[in-house]
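The end of the sequence shown is residue 554 by the working numbering, with every number in the run present.
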Amino acid sequence: MKQRRRTALLLLSCMTLLTNSQCAVAAPPALVPAPAKMTVAEGTFQLSRETSICAGPGAEAEARELAAALRMPTGLPLPVKTSEPKPGAIGLQLDRSLESQLGIEGYRLSVTPSRVTICAATEAGLFYGGVTFRQLLPPQVFATKQPARAPGGGWIVPCIEIEDRPRFAWRGLLLDPARHFMPPEFVKKLVDVMALHKLNTLQLHLTDDQGWRIEIKKHPQLTQLGSVRKESPLHGDRKRGDGQRYGPFFYTQQQIRDLVAYARARHVTLVPEIEMPGHFLAALVAYPALSCRGGPFEVRTRWGIEPDILCPGNDEAIALVKDVLGEVCELFPSRFIHIGGDEAPRDRWKSCPKCQARIRTENLKSEAQLQTWFNHRVEEFLASKGRRLLGWDEILEGGLTPGATVMSWRGIKGGIAAASAGHDVVMVPTTHCYFDYAQAKGANEPECIGGFVPLSRVYEFEPVPAELPESRRHHILGAQGALWTEYMWTPGDVEYFAFPRAAALAEVVWTPAERKDFAGFEHRLQNHLLRLDQLGVNYRKPSGVNDRK
Ligand code: ACM
Ligand code: ZN
6 MKQRRRTALL LLSCMTLLTN SQCAVAAPPA LVPAPAKMTV AEGTFQLSRE
56 TSICAGPGAE AEARELAAAL RMPTGLPLPV KTSEPKPGAI GLQLDRSLES
106 QLGIEGYRLS VTPSRVTICA ATEAGLFYGG VTFRQLLPPQ VFATKQPARA
156 PGGGWIVPCI EIEDRPRFAW RGLLLDPARH FMPPEFVKKL VDVMALHKLN
206 TLQLHLTDDQ GWRIEIKKHP QLTQLGSVRK ESPLHGDRKR GDGQRYGPFF
256 YTQQQIRDLV AYARARHVTL VPEIEMPGHF LAALVAYPAL SCRGGPFEVR
306 TRWGIEPDIL CPGNDEAIAL VKDVLGEVCE LFPSRFIHIG GDEAPRDRWK
356 SCPKCQARIR TENLKSEAQL QTWFNHRVEE FLASKGRRLL GWDEILEGGL
406 TPGATVMSWR GIKGGIAAAS AGHDVVMVPT THCYFDYAQA KGANEPECIG
456 GFVPLSRVYE FEPVPAELPE SRRHHILGAQ GALWTEYMWT PGDVEYFAFP
506 RAAALAEVVW TPAERKDFAG FEHRLQNHLL RLDQLGVNYR KPSGVNDRK
């Protein structure tokens with residue numbers, strides 16, 4: 006009896022010990038996107054007035070960025086030093102030889118009670134290590150306007166070992182400032198929030214039937230005439246007009262340069278999209294002779310597809326495109342230049358003498374092949390500037406040009422066809438990646454273009470189609486969420502449609518497929534939304550009711 010009691014007591018104290026030691030290891034931190042490998046250890050590291058940030062050779066710029074991000078919210082001095090990390094410091098070390106283990110964007114982050122170390126092969130890797138470190142701190146560290154009060158225990162980080170690298174190189178969002186213009190300050194905010202999610206590509210849809218939004222020095226008429234429309238569809242009744250002049254709204258070249266530099270410092274590439282030959286009406290308002298029928302035209306005041314498009318039978322139209330793309334290449338250093346290519350009705354080409362003459366002289370068989378011929382001229386021009394052509398999946402229809410990369414939006418079939426033929430692909434299917442579609446059902450949701458893409462649908466997206474042969478899978482560069490703004494009037498509207506779906510997408514494109522787990526994501530999201538609160542992001546609060554599939 007006595008013996009039995011002693012055994013029971015022993016067992017009980019063991020259980021208590023076990024519980025205590027489990028308590029000493031903090032709950033896994035709510036990192037979004039989830040890292041590839043993470044081990045939580047005992048203990049904590051505390052940021053204090055004595056903490057410095059020590060940059061190894063080549064890590065100075067990233068150390069300054071990290072210090073700048075932490076200083077304002079914490080109110081701590083966090084001096085940046087170029088010395089070996091001392092106990093109590095945060096050390097950033099660039100080691101090119103780590104590329105074989107961590108790739109060009111991966112990092113290793115080690116937090117012990119006495120120091121923090123971030124190692125990477127590149128500055129991008131150091132940056133992402135810094136982003137993860139910031140997410141380990143309390144959400145108040147994302148305050149943007151004034152120093153925040155550290156919660157009870159101070160600026161404390163759990164001890165942890167992380168080794169992390171992205172699954173895909175292209176982790177994108179598309180923003181459409183053509184339908185509704187979005188000011189440069191908002192583009193910067195979006196870049197900041199993207200960087201927090203380790204998203205690295207922002208495609209700017211700069212031109213469309215409803216507005217030309219980029220200054221072109223050689224052709225000022227493009228913005229003088231093309232950046233204003235007489236009215237827009239009425240809020241709540243899209244078939245009628247609102248009677249309100251809209252514009253002039255466009256980005257100056259100086260603003261674009263500023264945005265490119267801002268994004269670059271946060272390891273986000275801005276990819277310009279100049280739509281052609283369709284969705285080109287705003288340019289034809291300035292240059293009606295470059296259409297098949299000659300105009301005159303007005304900037305389109307309704308959404309939808311415009312029948313009047315660029316005339317590829319006209320050499321001057323091709324010259325204009327080259328002028329525009331020449332300036333675009335000067336402004337945007339991105340390797341890819343997006344030329345649209347979608348939703349170009351070819352009816353006008355059928356009855357245009359110039360287009361038909363081009364078809365004959367170039368031995369083409371169809372209007373679809375005429376579009377490919379046109380794309381080829383554009384591709385050659387871009388290649389002369391060291392750039393690659395990117396277009397929506399319609400560019401497959403007349404045959405892909407040799408160097409084209411395809412953005413698959415009408416499902417994933419276009420992506421499969423392109424990758425099977427050895428072309429690179431970015432997946433943006435409407436079914437999972439159109440963030441202009443509704444994210445919940447019900448009358449409380451704002452007006453939108455239609456469709457239904459709830460958070461869980463985004464999360465479950467698998468960018469690499471199962472039917473794609475193993476040998477072609479490397480052609481899937483990644484995926485992107487699309488924020489078309491027909492029904493987004495303000496930056497706050499864009500934020501509502503973008504978040505938290507972009508957080509789900511971040512995990513699709515960053516986290517190893519085998520570590521994805523929607524229940525775990527939803528749990529971490531509760532903490533992550535506190536970060537977005539600090540950043541002043543107008544996200545949609547998941548309700549768990551109307552936002553199920
Ligand atoms: C598209 O949504 N037309 C690419
Ligand atoms: Zn024509």
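Where is the CB? At the ideal position from N, CA and C, for every residue including glycine. Keep in mind the model is a prediction, meaning the values are calculated, not measured.
Would you call the CB atoms of residue i and residue j closer than 8 Å?
i, j, result
"Ile562", "Val121", "As displayed, the chain neither begins before 6 nor continues past 554, which places residue 562 out of reach and without an answer."
"Leu555", "Leu209", "The question about residue 555 has no answer here: the residues shown for the chain are numbered 6 through 554."
"Ala155", "Pro144", "no"
"Val514", "Gly483", "yes"
"Glu47", "Cys164", "yes"
"Leu488", "Leu180", "yes"
"Ala445", "Asp552", "yes"
"Gly114", "Ile167", "Looking at the sequence provided, one finds Leu at residue 114 rather than Gly. Yes, these two residues count as a Cβ contact at 8 Å."
"Pro350", "Pro312", "yes"
"Leu394", "Ala409", "yes"
"His284", "Ala507", "no"
"Ala219", "Leu211", "One point to set straight first is that residue 219 is Ile, not Ala, in the sequence displayed. Yes, they are a contact pair."
"Gly396", "Ile314", "no"
"Thr149", "Leu540", "yes"
"Tyr481", "Val463", "Here residue 481 is Ile; the residue named in the question, Tyr, does not match the sequence. Their beta carbons are not under 8 Å apart, which means Ile481 does not touch Val463 by this criterion."
"Val146", "Phe50", "no"
"Tyr442", "Glu500", "no"
"Trp354", "Glu367", "no"
"Arg340", "Arg392", "yes"
Whole angstroms is fine: what's the gap from residue i's alpha carbon to residue j's?
i, j, result
"Ala64", "Glu110", "14 Å"
"Gly427", "Arg477", "7 Å"
"Ala35", "Pro84", "28 Å"
"Asp347", "Asp398", "7 Å"
"Leu272", "Leu369", "According to the sequence as given, residue 272 is His; it is not Leu. Cα to Cα, His272 sits roughly 43 Å from Leu369."
"Ala68", "Cys124", "12 Å"
"Leu52", "Phe138", "11 Å"
"Tyr3", "Pro189", "Outside the displayed span of the chain (6 to 554) sits residue 3, for which this structure offers no information."
"Ala41", "Gln531", "21 Å"
"Phe226", "Ala324", "Residue identity differs from the one stated: residue 226 is Gln in this sequence, not Phe. Each residue's Cα considered, the two are about 15 Å apart."
"Ile310", "Gly455", "16 Å"
"Gln106", "Glu128", "15 Å"
"Met432", "Val304", "30 Å"
"Ala322", "Ile421", "32 Å"
"Gln151", "Leu81", "13 Å"
"Lys359", "Gly300", "15 Å"
"Phe186", "His381", "31 Å"
"Lys244", "Thr306", "10 Å"
"Lys223", "Met412", "30 Å"
"Ala555", "Arg365", "Any property of residue 555 remains undetermined from this structure, which presents the chain solely from 6 to 554."
"Pro282", "Gly134", "42 Å"
"Ala153", "Ala72", "16 Å"
"Arg101", "Ala126", "4 Å"
Does the beta-carbon of residue i have 16 or more other beta-carbons within 10 angstroms, so that it is buried, or is it exposed?
i, result
"Lys521", "buried"
"Leu178", "buried"
"Pro434", "buried"
"Gly560", "Outside the displayed range of the chain (6 to 554) lies residue 560, so it cannot be described from this structure."
"Leu537", "buried"
"Thr228", "buried"
"Gly549", "exposed"
"Leu289", "buried"
"Met20", "The pLDDT assigned to Met20 is 39, lower than 50, so where the model puts this residue is not dependable, and the model offers no usable value."
"Gln215", "buried"
"Val542", "buried"
"Gly497", "exposed"
"Glu70", "buried"
"Asn449", "exposed"
"Ser296", "buried"
"Glu472", "exposed"
Query raised in the report: Taking a cut-off of 7 Å, which residues have a beta-carbon closer than that to any heavy atom of ligand 1, in chain order?
Result: Asp347, Glu348, Trp397, Trp414, Ala487, Trp489
**Report entry** For review: beta carbons within less than 7 Å of any heavy atom in ligand 2
**Finding:** Cys297, Cys316, Pro317, Gly318, Asn319, Arg353, Trp354, Cys357, Lys359, Cys360
Query - Whole runs of the beta strand (DSSP E) within the stretch 273-304, excluding any shorter than 3 residues - result: 274-281
Requested in this report: Starting from the N-terminal side, write out each stretch of the alpha helix (DSSP H) that is 4 residues or longer and does not extend beyond the stretch 98-162.
Outcome: 104-107, 128-141
Query raised in the report: Mind pulling the beta strand (DSSP E) runs of 3 or more residues that sit fully within the stretch 350-417?
Result: 393-397, 410-413
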